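Taken in sequence, the protein lines are chains A and B. When we follow our numbering, the leftmost residue of the first sequence carries the number 1, and every step to the right adds one. When we follow our numbering, the leftmost residue of the second sequence carries the number 104, and every step to the right adds one. For each residue, glycine too, the CB sits at the ideal point set by N, CA and C. None of these values were measured; they are calculated from a predicted model. Working notes, structure below.
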Amino acid sequence: METLNCNRDRTMAYQITDGCVNCWACEPLCPSQAIQAAKPHFVIDAAQCTECVGDYAEPQCASICPIEGAILDALGAPVNPPGSLTGIPPQRIAEAMAEIRAR
Amino acid sequence: MAQHVTTLHPERATAGGCSASGCGSKPDKLAHLPEAIRAKVKDHPCFSEEAHHHYARMHVAVAPACNIQCHYCNRKYDCSNESRPGVVSELLTPEQAVKKTLAVAATIPQMTVLGIAGPGDPLANPERTLATFRELSAKAPDIKLCVSTNGLALPELVDAICEHNIDHVTITINSIDPEIGAQIHPWIFWKNRRIKGIKAARILIEQQQKGLEMLAERGVLVKVNSVMIPGVNDQHLKEVSRVVKAKGAFLHNVMPLIAEPEHGTFYGLMGQRGPSHDELQALQDACAGDMAMMRHCRQCRADAVGMLGEDRGAEFTQDKIDTMEIDYAAAMERRAAVHAEIEAKRQAQRAAPPQTPNQAFVSVASIPRRRAELPSRSASRPLRIAVASSGGGLINQHFGHAREFLVYEADEQQVRFVGTRRVEAYCSGGDTCGEAETALAGTLRALDGCEAVLCSKIGIEPWDALEAAGIAPNGEHAMEPIEDAVAAVYAELSANGQPGERIADAALSA
């Protein structure tokens, strides 16, 4: 918790996790050019990210990102939590993965 | 052009004249189209069923971003064993895509068409997509350019599409009713916001319809793709077909939903089933009353290369392309010669009388109308006959080499193409892709409902297995034109008693 608070105090910034599939959708939308292609996945430059405040009502990267959990807010929470984009209940994904592994 | 497109009469191909009377020559299935459109589609494998036996296509994966979510798509997927839309192994820059296209065109001279189809939505990546088209229209003027899109960004890009000489556009339209659309597309990204539910579906549908109308007005050829999702939009697609035809689409391609849990899609994980072969064919037939239907779609990957049904993408990876020296001017000459050869062959095939005594068989696009006109003397049901072909419109493939079969339906009046059956699992390798099963068992299942299978050769083991499954193996029509051979086999099967009984016996003794 301390770390998260520390993060928030330091900067208002979103982050990209390793759930990112490198689809490029966010990169051209960023009003601050804070997003860069990188390996293994895109990154947000925390020093440049403004969370789109002043430019858009909603953070652009998180509004187009198709992958649940791939973008975290300044508190480290997923902006698009599991189930929010695909409509697939998280429990169903877990069950299906277990079924497939059991084959 | 728009008027031409909106007044198409697919039924004309079947109404009287040479095509209906069996005068010995094969009808041109595009005969009902105005000349300008026929010229555009006659060597396009995706827009002309006949052309797909002769010509190849390729997709370049330059467009990764998407602006909507579909319940049959999972953006996390990338498997080289998968063959379905949206799946891709190697994302290309426009420069890489241009080089790859030139390399493929030089290596596979039958390649006539370059499409951009993803893996996201090409028009959600307008710079990358248009840069690729711009370069190619300058460097490879003999290649047709096409794009497929979900339509959300289409209206604002119609003029750019026209500027880049893209004269074939495919729009995926799964519904024209927002309540149904919302069950298929959970969200869109629109005017800098993510919009969900019925509101999102309404915007998507409006944009698609507007884009379709704008393209038709400008004389761009539009095909509409729809994914058939049983219980969701299956009945509704008949209405979609009527409406898109009225607005100027010239071809409707109803494709089966692909949904398996291992694909990780909403439909796959939630147990939504895809349609059976019969359900798909019944819907295509129902839509055919209003619209020219496409039945030879292979639902290929966004980086597919080669003839429909084959994928030679592995020959053209970046490292291989980097080592290729391409003299495109020379390649263009060779391509022109190969195309002329193909055209001469097609002409000869069309002109040749069928090699069977029965001259009454013709191939036409739409059957129900004909049936109604016929005297009721014919009570025998149509037979489905599968064919192994590696191209050229001939029965020229070994049973064991076939990765797909073309399925034809024959009755006493005609032979018509009704669809394809893949015989490799969508995923055939790796520990996460599909269940283990023998290839033969899968093939038998894929050929379910077919009375016979025609191929150039067949081994003893599959011969016995086919017979046991009630499907007559037949290697006697090797190198014959497909439709003539199907007609001949239909005649043999009919003459040997009731179709569907022990046809294998007939084929064996023949």
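Under a criterion of Cβ atoms nearer than 8 Å, the residues of chain A adjacent to methionine 373 of chain B are, in order, Ile88, Arg92. Annotation: proline 90 of chain A is outside any beta strand (DSSP E); the continuous alpha helix (DSSP H) that includes it extends over 90-101. With respect to the 7 Å criterion, arginine 231 of chain B and proline 258 of chain B are not classified as neighbours on the basis of their beta carbons.
Cβ proximity to chain A below 9 Å picks out nothing from the segment 255-275 of chain B. Cβ atoms of isoleucine 424 of chain B and lysine 202 of chain B come within 8 Å of each other, at about 6 Å.
Only residues of its own chain outside the window of five on either side were considered, and among them Ile274, Gln310, Gln311, Gly314 have a CB closer than 6 Å to the CB of glycine 254 of chain B, listed in chain order. Bounds of any alpha helix (DSSP H) do not take in tryptophan 293 of chain B; it lies within the beta strand (DSSP E) bounded by 290-293.
Distance from histidine 157 of chain B to glycine 522 of chain B at the Cβ level is roughly 19 Å; contact not present, criterion being Cβ atoms closer than 8 Å. Every unbroken stretch of the alpha helix (DSSP H) spanning 4 or more residues and falling wholly within the segment 338-410 of chain B is given here in chain order: 339-349, 369-372, 380-391.
With the rule of 3 Cβ pairs closer than 8 Å, the segment 157-166 of chain B does not count as touching the segment 341-360 of chain B. The beta carbon of glycine 19 of chain A lies closer than 7 Å to those of Ile67, Gly69, Ala70 in the same chain, with the five residues before and after it left out. Contact with chain B is absent for tyrosine 14 of chain A, since none of that chain's Cβ atoms lies less than 7 Å from the residue's Cβ. A Cβ-Cβ contact shorter than 7 Å links lysine 560 of chain B with histidine 501 of chain B. At least one CB of chain A lies nearer than 7 Å to the CB of alanine 168 of chain B. Contact holds between the segment 369-388 of chain B and the segment 319-332 of chain B, because three or more Cβ pairs, one in each stretch, are under 8 Å apart. In this structure, alanine 220 of chain B keeps its C-beta atom at 7 Å or more from the C-beta atom of serine 240 of chain B. The Cβ of proline 364 of chain B sits closer than 7 Å to at least one Cβ of chain A.
In the structure shown, glutamine 15 of chain A falls within a strand segment according to DSSP collapsed to helix, strand and coil. At a Cβ-Cβ threshold of 7 Å, leucine 557 of chain B and isoleucine 498 of chain B count as neighbours.
Close partners of proline 289 of chain B in chain A (Cβ separation under 8 Å): Leu85, Thr86, Gly87. With its beta carbon at least 7 Å from every one in chain B, alanine 38 of chain A lies outside the interface. Within chain A, no residue has its beta carbon less than 8 Å from that of glycine 416 of chain B; the closest one is some 19 Å off. With a threshold of 16 other beta carbon atoms within 10 Å, glutamate 363 of chain B meets it and is buried. In the three-state DSSP reduction, tyrosine 56 of chain A falls in the coil class, being neither helix nor strand.
When the beta-carbon positions are compared, asparagine 170 of chain B and alanine 227 of chain B come within less than 7 Å of each other. Residue burial annotation: glutamine 517 of chain B is buried, with at least 16 other C-beta atoms found within 10 angstroms of its C-beta. The C-beta distance from isoleucine 44 of chain A to glutamine 15 of chain A rounds to 6 Å, short enough to meet the 8 Å contact threshold.
Interface with chain B (7 Å Cβ-Cβ cutoff): proline 66 of chain A is included. The three-state reading of DSSP puts cysteine 265 of chain B in helix, counting H, G and I together. C-alpha of glutamate 58 of chain A to C-alpha of glutamate 512 of chain B: approximately 55 Å in a straight line. Within the model, the alpha-carbon separation for glutamate 444 of chain B versus arginine 525 of chain B is close to 29 Å. Residue pairing by DSSP puts valine 325 of chain B in a beta bridge opposite B/Val272. Valine 323 of chain B sits close to valine 272 of chain B, with the two beta carbons spaced by under 7 Å. Excluding sequence positions up to five before and after alanine 62 of chain A, its CB lies within less than 7 Å of the CB of Tyr14, Ile71, Val79, Asn80, all in the same chain and listed in chain order. Listed by position along chain B, the residues whose Cβ is nearer than 7 Å to that of valine 21 of chain A are Arg178, Lys179. DSSP, read as helix, strand or coil, puts serine 151 of chain B in coil.
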